[in-house]
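Numbering of the sequence shown is given in the working numbering, commencing with residue 50 and proceeding in unit increments. Worksheet: the structure to be examined is printed underneath.
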Amino acid sequence: MSEQQTIEKAYETAHESALIVQHDTPGVIELRGADRVDLLHRLSTNDLENMPANRVLRTVFTDPVGRTIDVVTVLTLPDELLIVTSSGRSKILQDWLQQHIFFQDEVTVHISEQEGSLYGAYGPQAADSLPSAVPPEGELVARDGSIFWPIDWPVAGYQRLVGPGQPIEDWVPESGASAAFEILRVEAGLPKSGAEILEDSIPLEVGLWDAVSFTKGCYVGQEILARMESRGKLAKQLVGVNLNSEAEAGSTLRQGDRSVGTLTSVVFSPRLGWIGLASGRPSALATDDGRVEVGENGETAELVELPFAGVKSRTPA
Numbered sequence: 050m051s052e053q054q055t056i057e058k059a060y061e062t063a064h065e066s067a068l069i070v071q072h073d074t075p076g077v078i079e080l081r082g083a084d085r086v087d088l089l090h091r092l093s094t095n096d097l098e099n100m101p102a103n104r105v106l107r108t109v110f111t112d113p114v115g116r117t118i119d120v121v122t123v124l125t126l127p128d129e130l131l132i133v134t135s136s137g138r139s140k141i142l143q144d145w146l147q148q149h150i151f152f153q154d155e156v157t158v159h160i161s162e163q164e165g166s167l168y169g170a171y172g173p174q175a176a177d178s179l180p181s182a183v184p185p186e187g188e189l190v191a192r193d194g195s196i197f198w199p200i201d202w203p204v205a206g207y208q209r210l211v212g213p214g215q216p217i218e219d220w221v222p223e224s225g226a227s228a229a230f231e232i233l234r235v236e237a238g239l240p241k242s243g244a245e246i247l248e249d250s251i252p253l254e255v256g257l258w259d260a261v262s263f264t265k266g267c268y269v270g271q272e273i274l275a276r277m278e279s280r281g282k283l284a285k286q287l288v289g290v291n292l293n294s295e296a297e298a299g300s301t302l303r304q305g306d307r308s309v310g311t312l313t314s315v316v317f318s319p320r321l322g323w324i325g326l327a328s329g330r331p332s333a334l335a336t337d338d339g340r341v342e343v344g345e346n347g348e349t350a351e352l353v354e355l356p357f358a359g360v361k362s363r364t365p366a
């Protein structure tokens with residue numbers, strides 16, 4: 050079986066049964082103390098106030114001008130909070146948190162001494178892979194050194210944080226699983242750290258609306274995001290790109306002599322052919338029917354709104 054056939058088989062598995070994926074090794078930060086929730090609530094974009102135990106929430110840490118430090122998943126356990134960071138970002142985020150702890154705050158911040166692993170099971174039969182009770186929406190289940198929680202992107206399933214040294218024989222990733230997940234991610238229009246999400250990214254400009262509360266009180270960077278939302282104007286937004294052939298991430302998108310964006314991710318979808326994500330000017334979608342030229346070769350492509358769910362299949366069934 051060729052590499053492409055292996056990836057396509059894994060892609061089909063995500064739609065027909067359950068695709069097991071091992072993700073990049075995350076960082077894990079442990080917060081303890083009575084003020085642990087308050088600290089995260091006043092420093093990140095989502096509403097964590099009074100967040101009870103056994104809950105899961107995604108939030109973003111931003112600097113004073115709204116730029117992204119990291120997008121994280123917060124897990125509330127009975128006696129501590131766990132912050133699941135992007136790979137390689139735990140020390141940066143730990144230092145940021147330490148800088149904003151007041152002298153009266155009762156909270157400690159530690160990077161987990163031993164790295165765990167992050168897995169996902171995605172597809173209509175993902176629940177069958179769980180060794181414990183199915184967690185309700187927005188909640189987690191901790192059992193035997195693992196924490197499970199439901200997730201609805203890029204397709205419905207569950208993620209699993211496995212403690213160091215814990216057995217994982219029951220969740221074995223398929224060949225081609227990571228590449229198939231990348232296709233699903235792009236089809237769903239999900240930004241990725243290091244691709245769409247960079248250190249100068251503003252959460253709203255990369256599609257992280259679900260991780261931002263517009264009803265909570267102040268947090269670092271709140272003024273910038275609130276102003277962007279209230280005025281309804283973004284300098285950039287995450288868009289889909291229907292490509293006619295393979296292209297390189299980083300390629301400039303042009304309409305005539307004007308640069309309108311940058312290609313950030315490119316995949317070959319078994320359903321849609323070559324597609325990608327781009328950071329582009331919002332006005333470019335409505336200009337020239339969304340047509341753009343890609344890179345130095347000037348190959349034409351079409352900008353589309355995300356997700357790609359409404360785009361017609363361009364490959365044989």
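Yeah, the Cβ is synthetic: ideal placement off N, Cα and C, and Gly gets one too.
Cα-Cα separation between residue i and residue j, rounded to whole angstroms
i: residue 176; j: residue 58; result: 20 angstroms
i: residue 164; j: residue 139; result: 11 angstroms
i: residue 331; j: residue 152; result: 44 angstroms
i: residue 344; j: residue 232; result: 22 angstroms
i: residue 342; j: residue 148; result: 45 angstroms
i: residue 356; j: residue 321; result: 12 angstroms
i: residue 338; j: residue 209; result: 42 angstroms
i: residue 349; j: residue 304; result: 10 angstroms
i: residue 335; j: residue 242; result: 28 angstroms
i: residue 187; j: residue 127; result: 16 angstroms
i: residue 244; j: residue 125; result: 28 angstroms
i: residue 217; j: residue 90; result: 33 angstroms
i: residue 294; j: residue 340; result: 14 angstroms
i: residue 101; j: residue 323; result: 43 angstroms
i: residue 150; j: residue 246; result: 26 angstroms
i: residue 53; j: residue 227; result: 13 angstroms
i: residue 273; j: residue 327; result: 22 angstroms
i: residue 366; j: residue 174; result: Bear in mind that a pLDDT of 38 at residue 366, under 50, signals an unreliable position, so the model cannot answer this.
i: residue 254; j: residue 166; result: 29 angstroms
i: residue 358; j: residue 258; result: 19 angstroms
i: residue 65; j: residue 50; result: 20 angstroms
i: residue 73; j: residue 194; result: 19 angstroms
i: residue 180; j: residue 111; result: 36 angstroms
i: residue 86; j: residue 192; result: 23 angstroms
Within 8 angstroms, strictly: CB atoms of residue i and residue j
i: residue 172; j: residue 68; result: yes
i: residue 302; j: residue 329; result: yes
i: residue 118; j: residue 143; result: no
i: residue 63; j: residue 204; result: yes
i: residue 116; j: residue 306; result: no
i: residue 333; j: residue 309; result: yes
i: residue 265; j: residue 98; result: yes
i: residue 256; j: residue 290; result: no
i: residue 211; j: residue 168; result: yes
i: residue 313; j: residue 298; result: yes
i: residue 123; j: residue 189; result: no
i: residue 213; j: residue 136; result: no
Cut-off 8 angstroms between Cβ atoms - residues of its own chain near residue i, not counting five sequence neighbours on either side
i: residue 178; result: 67, 69, 170, 207, 219 and 220
i: residue 78; result: 131, 132, 134, 139, 142, 143, 146, 158, 159, 160 and 161
i: residue 260; result: 94, 95, 107, 108, 109, 120 and 252
i: residue 185; result: 199
i: residue 351; result: 290, 291, 338, 339, 340 and 341
Sequence-distant residues of its chain with Cβ nearer than 6 angstroms to residue i (five each side left out)
i: residue 81; result: 129 and 157
i: residue 88; result: 156
i: residue 346; result: none
i: residue 71; result: 168 and 222
i: residue 263; result: 278
i: residue 300; result: 312, 343 and 344
Other residues of its chain near residue i: CB distance less than 7 angstroms, five sequence neighbours each side excluded
i: residue 229; result: 56, 59, 60, 63 and 68
i: residue 84; result: 154, 155 and 156
i: residue 113; result: 269 and 270
i: residue 202; result: 237 and 239
i: residue 103; result: 125, 188 and 189
i: residue 234; result: 203 and 241
The ligand SAM heavy atom lying under 7 angstroms from the CB of residue i
i: residue 144; result: The ligand content of the structure shown is nil, which means the ligand SAM is not present either.
Contact with chain C by residue i, beta-carbon distance below 8 angstroms
i: residue 98; result: No chain C appears in this structure, which consists of one protein chain only.
Worksheet item: Taking three-plus beta-carbon pairs below 8 angstroms as touching, is the segment 124-140 in contact with the segment 216-225?
Response: no
Discussion item. Going residue by residue through the segment 203-228, where are the continuous beta strand (DSSP E) segments of at least 3 residues, counting only ones entirely within it?
Written reply: 206-211
Discussion item. For the pair the segment 195-213 and the segment 279-295, tell me if three or more CB-CB distances fall below 8 angstroms.
Written reply: no
Item to complete: Specify whether the segment 317-328 and the segment 259-279 touch according to this definition: at least 3 beta carbon pairs, one from each stretch, less than 8 angstroms apart.
Response: no
Fill in: Segments of 3+ residues assigned as beta strand (DSSP E) that fall wholly inside the segment 301-357
301-304, 307-318, 322-329, 340-343 and 348-353
Worksheet item: If you scan the segment 157-185 from start to end, which runs of the alpha helix (DSSP H) of 4 or more residues do you find wholly inside it?
Response: none
Discussion item. For a minimum of 4 consecutive residues, which ranges assigned as the alpha helix (DSSP H) are wholly contained in the segment 75-141?
Written reply: 85-92
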